[in-house]
Amino acid sequence: MSSSSECVELLAAKAIANSPELVTLDEQIALIDERLVVAEKRIDHTSKKRWTNYISSDPLRIAANILGGGDVQRDNIAIADLEVKSGELEAYRANLHRRKAEVKSQLREEVLGLVLEYEAAEREYVLAQSKLATYSQQRQLIEIDYQFGNGSTTQMLSMWQQGESLEALVIQVESKKKEITRKLQQIISFTLTNSHK
């Protein structure tokens with residue numbers, strides 16, 4: 010795993026593809042799109058039909074349509090109502106698209122942050138391993154020296170305690186790496202393969 014743009018983009022793309030919130034947003038956007046299509050069809054149908062209301066054999070309906078109280082006015086109100094509802098749906102859809110962009114951005118930032126944390130933990134791990142290896146060599150030399158009567162028991166106890174501290178540090182940093190990997194796996198919902206470690 011590295012902070013190269015390819016690795017981060019791959020992990021971010023996996024996180025985005027597997028995000029339950031983004032799936033829900035896509036479903037809501039698709040539902041709104043369907044509603045907008047239906048509303049547009051109703052507006053078209055009502056617009057085309059409204060002129061047929063002037064043709065009637067009932068003189069009262071003809072007078073009501075001409076004076077503005079009949080079927081024509083009802084259809085005009087229905088069209089206006091549908092247009093208002095369509096506008097509200099489009100505004101809601103725009104908000105969903107904005108939220109979708111925010112979630113994608115948050116996921117990218119979170120993935121990048123975790124990858125950078127992992128790299129820092131990896132550097133800490135390498136440094137701790139190096140310190141432990143250096144300690145092991147020093148300990149062997151001091152133990153040999155101690156066996157031949159040089160050095161004190163206090164010095165040896167201090168050396169062994171230092172070794173235990175270094176081993177604990179290696180374990181702690183290794184646990185930190187595993188925790189970061191677990192968080193990344195949780196975000197992207199798949200197991201990291203060796204090609205991306």
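Numbering of the sequence shown is given in the numbering used here, commencing with residue 10 and proceeding in unit increments.
Positions of the beta carbon are idealized from the N, C-alpha and C atoms, including for glycine.
Alpha carbon of residue i to alpha carbon of residue j, nearest angstrom
| i | j | result |
| --- | --- | --- |
| residue 110 | residue 103 | 11 Å |
| residue 123 | residue 38 | 30 Å |
| residue 84 | residue 35 | 33 Å |
| residue 175 | residue 128 | 20 Å |
| residue 95 | residue 51 | 11 Å |
| residue 99 | residue 41 | 8 Å |
| residue 161 | residue 148 | 13 Å |
| residue 163 | residue 196 | 49 Å |
| residue 115 | residue 130 | 22 Å |
| residue 30 | residue 113 | 10 Å |
| residue 58 | residue 89 | 15 Å |
| residue 210 | residue 194 | Residue 210 is absent from the model: the chain starts at 10 and stops at 206. |
| residue 156 | residue 181 | 32 Å |
| residue 106 | residue 33 | 12 Å |
| residue 192 | residue 172 | 30 Å |
| residue 230 | residue 19 | Outside the displayed span of the chain (10 to 206) sits residue 230, for which this structure offers no information. |
| residue 154 | residue 177 | 26 Å |
| residue 165 | residue 146 | 14 Å |
| residue 144 | residue 158 | 21 Å |
| residue 152 | residue 179 | 22 Å |
| residue 207 | residue 189 | Outside the modelled stretch of the chain, which goes from 10 to 206, sits residue 207, for which no answer is possible. |
| residue 7 | residue 198 | Nothing in the structure corresponds to residue 7, since the chain is present only between 10 and 206. |
| residue 15 | residue 27 | 18 Å |
| residue 92 | residue 54 | 13 Å |
| residue 86 | residue 17 | 53 Å |
| residue 97 | residue 56 | 20 Å |
Span of the alpha helix (DSSP H) around residue i
| i | result |
| --- | --- |
| residue 14 | 14-26 |
| residue 198 | Per DSSP, residue 198 belongs to no alpha helix (DSSP H) and is neither H nor E. |
| residue 56 | 29-58 |
Residue-chain proximity (residue i, chain D), Cβ-Cβ < 9 Å
| i | result |
| --- | --- |
| residue 37 | Although the question refers to chain D, the structure presented lacks it and comprises just one protein chain. |
Assess, as a yes-or-no matter, whether the stretch 35-55 is touched by the stretch 135-152 under the definition of 3 or more beta carbon pairs within less than 8 Å.
Touching, no.
Determine contact between the stretch 114-121 and the stretch 14-25, defined as no fewer than three beta-carbon pairs at a distance below 8 Å.
Result yes; three or more Cβ-Cβ pairs closer than 8 Å.
Counting beta carbon pairs with one atom in the stretch 173-190 and one in the stretch 125-135, are three or more of them shorter than 8 Å?
Yes, since at least three Cβ pairs between the stretch 125-135 and the stretch 173-190 fall closer than 8 Å, the two stretches touch.
Ignoring anything shorter than 4 residues or poking outside the stretch 140-199, list the alpha helix (DSSP H) runs there in chain order.
As far as the stretch 140-199 is concerned, its whole alpha helix (DSSP H) runs of at least 4 residues are 162-197.
Could I get the ranges of all uninterrupted beta strand (DSSP E) runs contained in the stretch 90-137, with 3 residues as the minimum, in chain order?
Secondary structure within the stretch 90-137: not one fully enclosed beta strand (DSSP E) run of 3 or more consecutive residues is present.
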